[in-house]
Amino acid sequence: MSLADLTIAEAGTQLRSGDATSVDLLEAVIERASFTEAQLHCYLTIDHEGARKAAESADWELAAGTDRGPLHGIPLALKDNFCTRGLTTTCSSQILAGYVPPYDATVVSRLRSGGAVIVGKTNLDEFAMGSSTENSAFGPTRNPWDPERVPGGSSGGSAAAVAVGSALGGFGSDTGGSIRQPASLCGVVGFKPTYGLVSRYGLVAFASSLDQIGPLARNVGDALTLFEAVAGHDPLDSTSYPGPVPEMRSDLEAGPKGIRVGVVSELSGDGYEPEVSTAMSKMLNQLADDGAELVEVSLPTFELALSCYYLIAPAEASANLARFDGVRYGLRVDGETVEEMMARTRAEGFGPEVTRRILLGTYSLSAGYYDAFYGQANRLRTKLIREIAAIHEQVDVLVSPTSPTVAFELGAKTQDPLAMYLSDVCTIPADLAGTPAISVPVGLDHQGLPIGLQVMAPALGEAVMFRTAKAVEERAGFTARPALAGLPT
Amino acid sequence: MPIEIDITHVARLARLALTPDELDRYRSQLALILDHAARVQAINTTGLAPTAHPLGLTNVFRPDEVRPPLDVDEVLSQAPSARDGYFEVPPALEGV
């Protein structure tokens, strides 16, 4: 087995026992990438030099007795919408091609000070808008389980890299499901924290009231470790939660006994692949056999979450993306006047999905429509938040499939924006409500494609969410790896 | 009843110089999406305040302290055009 296939916990043990160095780990993931990148295209940038320096420094420090914690010396992949000082950050957009940020995102500086090694920047749907990583100006990422299929999105590059072993762990951002849905489609764990637990400072903003950074990992324990390294209040993000990060380790291994599990009836039925539903039922039965209490619950506002999301997210995006105007960074297309320069730059620099959402958001925020669209969607959001809070008086966690389907073929939904948007139907409610949610792989369908189960919890309910996720993981016994990961052995 | 969108006006507001073909295509796509999204208008939300922050955080203050700014040269190195420590743009007013 290659070092590229170790979990973060296993790699940490080997680093501390002297069986492997950080440089060994980095070389293993880069060797893996050299086999898989031509086919999968997980990375937009691999920082050979910077990563090597960080790995050497991690080894030197560890030898000298300085241990920065569980991510010390661990090679990680970061979505290319995190600002990294001195390292290109493009958001998969022509408008930012070649942009080198003058500062690090808070998440990046916390990872650096935790000793992590940043292998490179991963592909995404342009500005994180999409569910397949096909909306990248630099070409799509492919699914390691079947390169004819999408890895999901928008954090498809990080998900695929973690699945195939071109990083031991990774980070993405989730606005409507962009961590969990690709995790599900790539057979890895993906976690979106409670809104505000991870700083958004230096994350290129898409929809500020929804965006949240979170980890992608090979197992639940690694996801927790990655999250702990970056969580906590940041004065540079005024929406950051000022209270303590929940304590999540003490009950992690407590098992499912006594957990009240709400099965969301709105997230089932038509449009859900039978094998996805079966995999979920099978897991729920196993949890019930071991003492979890299953409760069928109804959250009627979930039916409107997708509509609500497609009013709120594009509205906020249209405001956030106003900053890309050819003045301070990125692309400029010349014009006679400043307005002509801006309009030409933006038309040239943004791809079709981003343009579509900017237009949609501009329309729904424009005079005469604001209250009917954005205002109404945010009142509905309050209704959804209250509905979820009320249901959590009866149940500890909510479960659903992460995605109604397994990975679909490239091109299958690119001509039909609504069909693409529907792939986020299960993940959007937790973004709107700001609640934590995690996707855990529970099996493969008959085509050998991964199926994910989503566990949602109340705001700041990460402890019971992780405990449930761990119980799911233990019962699923999901150890399969994509065949591609085995190529170099 | 399909939603009528003055797409030329919206594109102007968004500072997007789109071709007539693009405008047509986006107009019909937006109509479809809004038709779906407009379902929210049928819901009674009387008495509900709009969500601003999911956890209900309100105003946040910080001490008014001087902190080192970003390095000016590093920032301007990313600008498409800069001169004498400033960003440079084409004329904003006609005849200037």
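Top to bottom, those sequences are chains D and W.
Numbering (our numbering) for the first sequence: 265 to 753.
Numbering (our numbering) for the second sequence: -2 to 93.
Every residue, glycine too, gets a C-beta built ideally from N, C-alpha and C.
Rounded to whole angstroms, the Cβ separation of D:A701 and D:I652 is 11 Å, and the two are not in contact under 8 Å. Using a Cβ-Cβ cut-off of 9 Å, W:S25 does not count as an interface residue toward chain D, since no Cβ of chain D sits closer than that to its own. Residues of chain W whose Cβ lies closer than 7 Å to the Cβ of D:S571 are, in chain order, H33, A34, R36 and V37. In terms of Cβ geometry, D:P446 and D:G403 do not form a close pair [threshold 9 Å]. Bounds of any alpha helix (DSSP H) do not take in W:R36, whose DSSP letter is neither H nor E. Between D:D311 and D:L351, the gap from beta carbon to beta carbon is short of 9 Å. Flagged as an interface residue toward chain D: W:D68, by a C-beta distance shorter than 9 Å. Residue range S286 to L304 is occupied by the alpha helix (DSSP H) that includes D:Q303, with no beta strand (DSSP E) assigned at that position. Around W:P88, the beta-carbon contacts reaching into chain D at under 7 Å are T601 and V602. By the neighbour-count definition (other C-beta atoms within 10 Å, threshold 16), D:Q476 is a buried residue. In chain order, E398 place their CB closer than 8 Å to the CB of D:G675, counting only its own chain and leaving out the 5 sequence neighbours on each side.
The criterion of a C-beta distance shorter than 9 Å is satisfied by W:A14 and D:A611. Under DSSP, D:Q718 shares a beta bridge with D:S664 and D:S703. Counting the other Cβ atoms within 10 Å of the Cβ of D:K734 gives 16 or more, which makes it buried.
In the DSSP assignment, D:T309 falls within the unbroken beta strand (DSSP E) covering Y307 to I310. Residue pairing by DSSP places D:Q476 opposite D:D438 in a beta bridge.
Residues of the stretch 357 to 374 of chain D with a C-beta less than 7 Å from any C-beta of chain W: Y363, V364, P366 and Y367, listed in chain order. A direct Cα-Cα distance of roughly 12 Å separates D:L467 from D:T439. Along the stretch 42 to 68 of chain W, the positions whose C-beta sits under 8 Å from a C-beta of chain D are T42, L45, A46, P47, T48, A49, H50, P51, L52, L54, V57, R59, L67 and D68, read in chain order. Between D:P457 and chain W, the shortest Cβ-Cβ separation is not below 9 Å.
Excluding sequence positions up to five before and after W:A76, its CB lies within less than 8 Å of the CB of F84 and E85, all in the same chain and listed in chain order. At the C-beta level, D:F588 and D:S400 stay beyond 9 Å of one another. For D:A471, the closest Cβ of chain W is not nearer than 9 Å. The distance from the Cβ of D:L713 to that of D:V670 is about 4 Å, consistent with a contact at the 8 Å cut-off.
Close CB contacts of D:M393 within its chain, under the 6 Å cut and outside five residues either way in sequence, are with E617, V618 and R621 (chain order).
Apart from the 5 residues on each side of it in sequence, D:D515 sits with its Cβ closer than 6 Å to the Cβ of A727 and R731 in its chain, given in chain order. Excluding residues up to 5 positions away in sequence, E530 and E651 lie with their Cβ nearer than 8 Å to the Cβ of D:P564 in the same chain. When rounded, the separation of the alpha-carbon atoms in D:T503 and D:A495 is 13 Å. For D:R444, there is no enclosing beta strand (DSSP E); the enclosing alpha helix (DSSP H) covers residues R444 to C450.
Distances from the CA of W:Q38 to each of D:F637, D:V719, D:D695 and D:M265 were compared; the closest alpha carbon is that of D:F637.
Secondary structure at D:V736: helix, using DSSP grouped into helix, strand and coil.
Shown in chain order are the members of the stretch 640 to 658 of chain D whose Cβ falls below 7 Å from a Cβ of chain W: Q640, A641, N642, R643, L644, R645, T646, K647 and I649.
In this structure, D:C572 lies near D:L644, with their beta-carbon atoms less than 9 Å apart. As far as DSSP is concerned, D:K546 takes part in no beta bridge.
Its chain contains A697 as the residues whose beta carbon lies nearer than 6 Å to that of D:I649, once the 5 sequence neighbours on both sides are disregarded; these appear in chain order. At the C-beta level, D:V462 and D:A427 stay beyond 9 Å of one another.
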